[in-house]
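Just so you know, the sequences run in chain order A and B. First residue of the first sequence? That's 1 in the numbering used here, and the numbers climb one at a time after it. First residue of the second sequence? That's 196 in the numbering used here, and the numbers climb one at a time after it. C-beta: ideal position from N, C-alpha, C; glycine also. Just so it is clear, the structure is predicted and the values come from calculations on it, not from any experiment.
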Amino acid sequence: MNLYQQGLLDTPLGFALALAIGLAFGFWLERAGFGSSRKLAGIFYLRDFAVLQVMFSALVTAAIGLWVLDAGGWIDASSVYRMETRLAAQITGGLLFGAGFVTGGWCPGTALVGAASGKLDALVFLGGAMGGSLVYAALWPVVAPLQELGACGIVALPEWLHLSTGVTVALVLVLALGAFAGAHKLSIRNAHPQS
Amino acid sequence: MTNSPSRDDAPTTPAGAPAPRPAQPYWNPYVAGVGLGLTLLLAFVVLGTGLGASGSLARVAAEGAHALAPRAVESNGYLGAWFADGSALANYLVFLSIGTLLGGFASALFARRVRATVERGPRIAPRARLVFALAGGLLAGFAARMAGGCTSGQALSGGALLLAGSWAFLVAVFAGGFLVAPLVRKEWTS
Numbered sequence: 001m002n003l004y005q006q007g008l009l010d011t012p013l014g015f016a017l018a019l020a021i022g023l024a025f026g027f028w029l030e031r032a033g034f035g036s037s038r039k040l041a042g043i044f045y046l047r048d049f050a051v052l053q054v055m056f057s058a059l060v061t062a063a064i065g066l067w068v069l070d071a072g073g074w075i076d077a078s079s080v081y082r083m084e085t086r087l088a089a090q091i092t093g094g095l096l097f098g099a100g101f102v103t104g105g106w107c108p109g110t111a112l113v114g115a116a117s118g119k120l121d122a123l124v125f126l127g128g129a130m131g132g133s134l135v136y137a138a139l140w141p142v143v144a145p146l147q148e149l150g151a152c153g154i155v156a157l158p159e160w161l162h163l164s165t166g167v168t169v170a171l172v173l174v175l176a177l178g179a180f181a182g183a184h185k186l187s188i189r190n191a192h193p194q195s
Numbered sequence: 196m197t198n199s200p201s202r203d204d205a206p207t208t209p210a211g212a213p214a215p216r217p218a219q220p221y222w223n224p225y226v227a228g229v230g231l232g233l234t235l236l237l238a239f240v241v242l243g244t245g246l247g248a249s250g251s252l253a254r255v256a257a258e259g260a261h262a263l264a265p266r267a268v269e270s271n272g273y274l275g276a277w278f279a280d281g282s283a284l285a286n287y288l289v290f291l292s293i294g295t296l297l298g299g300f301a302s303a304l305f306a307r308r309v310r311a312t313v314e315r316g317p318r319i320a321p322r323a324r325l326v327f328a329l330a331g332g333l334l335a336g337f338a339a340r341m342a343g344g345c346t347s348g349q350a351l352s353g354g355a356l357l358l359a360g361s362w363a364f365l366v367a368v369f370a371g372g373f374l375v376a377p378l379v380r381k382e383w384t385s
C-alpha cells in the first residue's frame, strides 16, 4: 500500500519520505551535469545529448521496473497516481515550456540543483517560474477552457495502441535505444565537424 | 577567464598558493539515468506518485501572494483550493523540492562544483543572460501550470507511466525547444 492510496501523502510521514526521495532526485540530477544550464541547453543545438540520454534511460528504467513489479505481483501498478490526458493544454503547454527551457537554460527541477550549485541564472529562473505560475492563476478565467479541449480522462498508451503493457514498454525501450544510437552518431559527427 | 563551469576551468590563485583541486567530471549519463529511474521507481512504490518540481514553486509563490493579498488568492479559481487546509506549503511536493535542493547541493559540494556564477556562452553579458533566464522562467512556470507539470512531473513521471498526455507533452517540449533554439543561439554558442 503506497502513501497516495492510504491518503497519507500530506502527513509528516509523507513529508519525510518525499524529502528523502528528493535528496536522491537532486543528487542524480547534479551527477548527470544538470546543474549546468549550458549543458542542458546543449541538447537543442545537438552539442550535448545528456538530456536525452538521462531522461530516456530514467524513463525506461522506471517503466520496466514498474511493469516487472506489477507482473510479479509485488505491487499493483494501477494504484499509482495518474494524470489525466488534456491534449490541447499539454501540447500548448509543452511548446511554451520547451521555449522557456531553451531561453532560460533550465527547467524547474534542474534550476533547483543549479541554484544549489551557486548558479545565479538558476535563481533568477526560479523567480521567473514562480511569477509565471501566478500569471497563469491570474489569467485562470481566460485559460481554463483550454483544459477541456481534447480532455480524455486517464488514458495510457497501451489502450490507445491496443497493445499489452509489456509490449508497449518494449516499444518504448526500442525507441530509447534508437535515440541513444542516433545521439551517439551525431555526437561523433559534431565532435569532428571537418571530417 | 570565462564563467564557464567546465571542469578544467579552475579559478586562478595568487602565486605560491596551492591550486584548488579541480571539479570532478560528471558521471556517465546512462549511469545517472538509471539511478534517476530507480529513484522514480521508489517514488512510485513508496509515495504512489512520481517526482515533481514545478508544483512546489507554484505553491511557494502562492503562499507569498497569500501573505500580501489573502482574499484575492483564496477566491482565485486556480489557487483557492490550495488554501482549504490552511497553508499551500503543507504538501509533499514542497518537501520533495527541499530534498532536491539539498541533494543537489551535497552532490555539487562533494564534486567541488559549488561556485557563484552566471552561466552563459562567450557572446553574452551576464546581465543580458539573467534577463533571458527571467523570461524563460516566466514562460516555463506559466506553461507548467497549463500542462499540469514540468519535465519531472509530466514528461518523466507520466512518460514512465505511459500516459498519453505526458507523451504528447514530452514531444511538444522538444519541438518547442528546437523551434526557439535558433532565436536564442547567442546565449549559448560561440
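- Item | Proximal residues to Leu246 of chain B (C-beta, below 8 Å), its chain only, five neighbours per side dropped | Answer for Leu246 of chain B: Thr234, Leu235, Ala238, Leu291, Ser347, Gly348, Leu351, Ser352, listed in chain order.
- Residues near Trp277 of chain B in its chain [Cβ-Cβ closer than 7 Å; skip 5 each side]: For Trp277 of chain B, where only same-chain residues beyond five positions count, the Cβ hits under 7 Å are Arg254, Ala257, Ala283.
- Query: Hey, would you say the C-beta of Ala264 of chain B is under 8 Å away from at least one heavy atom of the ligand FAD?
  - Reply: The ligand FAD is not part of this structure, which contains no ligands at all.
- Query: For a contact meaning CB atoms closer than 7 Å, what does Arg216 of chain B contact in chain A?
  - Reply: Taking a Cβ-Cβ cut-off of 7 Å, Arg216 of chain B has no neighbours in chain A, whose nearest Cβ is about 17 Å from it.
- Query: Do Phe97 of chain A and Asp363 of chain B come within 9 Å of each other at the CB atom, strictly closer than that value?
  - Reply: The amino acid at residue 363 of chain B is misidentified as Asp; the sequence shows Ala. For Ala363 of chain B and Phe97 of chain A, no; Cβs fall outside 9 Å.
- Query: Taking Cβ positions only, does Pro265 of chain B come closer than 9 Å to chain A?
  - Reply: Not an interface residue.
- Item | The alpha helix (DSSP H) enclosing Phe128 of chain A, as first and last residue numbers | The amino acid occupying residue 128 of chain A in the given sequence is Gly; Phe does not appear at that position. 120-138 is the extent of the alpha helix (DSSP H) around Gly128 of chain A.
- Task: For the stretch 119-133 of chain A and the stretch 358-373 of chain B, state whether three or more C-beta atom pairs, one from each stretch, are separated by less than 8 Å.
- Result: Here the stretch 119-133 of chain A does not lie against the stretch 358-373 of chain B, with fewer than 3 beta-carbon pairs under 8 Å apart.
- Query: Is the number of C-beta pairs between the stretch 215-232 of chain B and the stretch 56-71 of chain A that are closer than 8 Å three or more?
  - Reply: Touching, per the Cβ criterion.
- Alpha-carbon to alpha-carbon, Gln53 of chain A and Leu46 of chain A: One C-alpha to the other measures close to 12 Å.
- Query: So, is the C-beta of Leu173 of chain A closer than 9 Å to a C-beta in chain B?
  - Reply: For Leu173 of chain A, the nearest beta carbon of chain B is not closer than 9 Å to its own beta carbon.
- Starting from Ala24 of chain A, find everything on chain B with Cβ-Cβ shorter than 7 Å and list it in chain order. Here the neighbours are Thr234, Gly298.
- Task: Show which residues of chain B have a CB atom less than 9 Å away from the CB atom of Asn2 of chain A.
- Result: The answer, in chain order, is Phe239, Val240, Val241, Leu242, Gly243, Thr244.
- Query: Is it true that the CB of Glu382 of chain B sits closer than 9 Å to the CB of Arg318 of chain B?
  - Reply: Glu382 of chain B is positioned such that its CB atom lies closer than 9 Å to that of Arg318 of chain B.
- From which residue to which residue does the alpha helix (DSSP H) around Ile91 of chain A run? Note, Ile91 of chain A: alpha helix (DSSP H), 87-104.
- Task: Taking a Cβ distance cut-off of 9 Å, strictly less, list which residues of the stretch 110-123 of chain A are near chain B, in chain order.
- Result: Those would be Thr110, Ala111, Leu112, Val113, Gly114, Ala115, Ala116, Ser117, Gly118, Lys119, Leu120, Asp121, Ala122, Leu123, in chain order.
- With 9 Å set as the bound, which would you pick, yes or no: does the beta-carbon of Ile188 of chain A sit closer than that to a beta-carbon of chain B? When Cβ-Cβ separations below 9 Å define contact, Ile188 of chain A makes no contact with chain B.
- Message: Counting only beta-carbon separations shorter than 9 Å, does Glu269 of chain B have a partner in chain A?
- Response: Interface criterion not met: the Cβ of Glu269 of chain B is under 9 Å from no Cβ in chain A.
- Message: Checking 9 Å against the spacing of the C-beta atoms, do Gln90 of chain A and Ala342 of chain B come in under that value?
- Response: Cβ atoms of Gln90 of chain A and Ala342 of chain B: closer than 9 Å.
- In angstroms, rounded to a whole number, what distance separates the CA positions of Ser251 of chain B and Ala144 of chain A? Spanning the two alpha carbons is a distance of roughly 21 Å.
- Item | Neighbour list for Asp70 of chain A in chain B, Cβ cutoff strictly below 8 Å | For Asp70 of chain A, none of the residues of chain B pass the 8 Å Cβ criterion, the least Cβ distance being about 10 Å.
- Message: In whole angstroms, give me the CA-to-CA distance for Ser195 of chain A and Val174 of chain A.
- Response: Note that Ser195 of chain A has pLDDT 42, beneath the 50 cutoff, so the model's placement of it is unreliable and no number is given.
- Item | Inter-residue Cα distance where the pair is Ala99 of chain A and Gln5 of chain A | Roughly 36 Å separates the two Cα atoms.
- Message: Is Pro108 of chain A close to chain B? Criterion is C-beta to C-beta, closer than 9 Å.
- Response: Taking Cβ atoms only, chain B reaches closer than 9 Å to Pro108 of chain A, which makes this a yes.
- Query: Name the chain B residues that come within less than 9 Å of Ala137 of chain A, Cβ to Cβ?
  - Reply: Near Ala137 of chain A (Cβ distances below 9 Å), the residues of chain B are Ala253, Ala256, Ala257, Ala260, Val268, Asn271, Gly272, Tyr273, Leu274, Arg340.
- Under a Cβ-count criterion, where at least 16 other Cβ atoms within 10 Å of its own Cβ denotes burial, should Asn190 of chain A be classed as buried or exposed? Exposed is the call here.
- Task: Let me know the alpha helix (DSSP H) ranges lying completely inside the stretch 4-44 of chain A, each 4 residues or longer, listed in chain order.
- Result: Scanning the stretch 4-44 of chain A from its first residue to its last, the whole alpha helix (DSSP H) runs of 4-plus residues come out as 12-31, 37-41.
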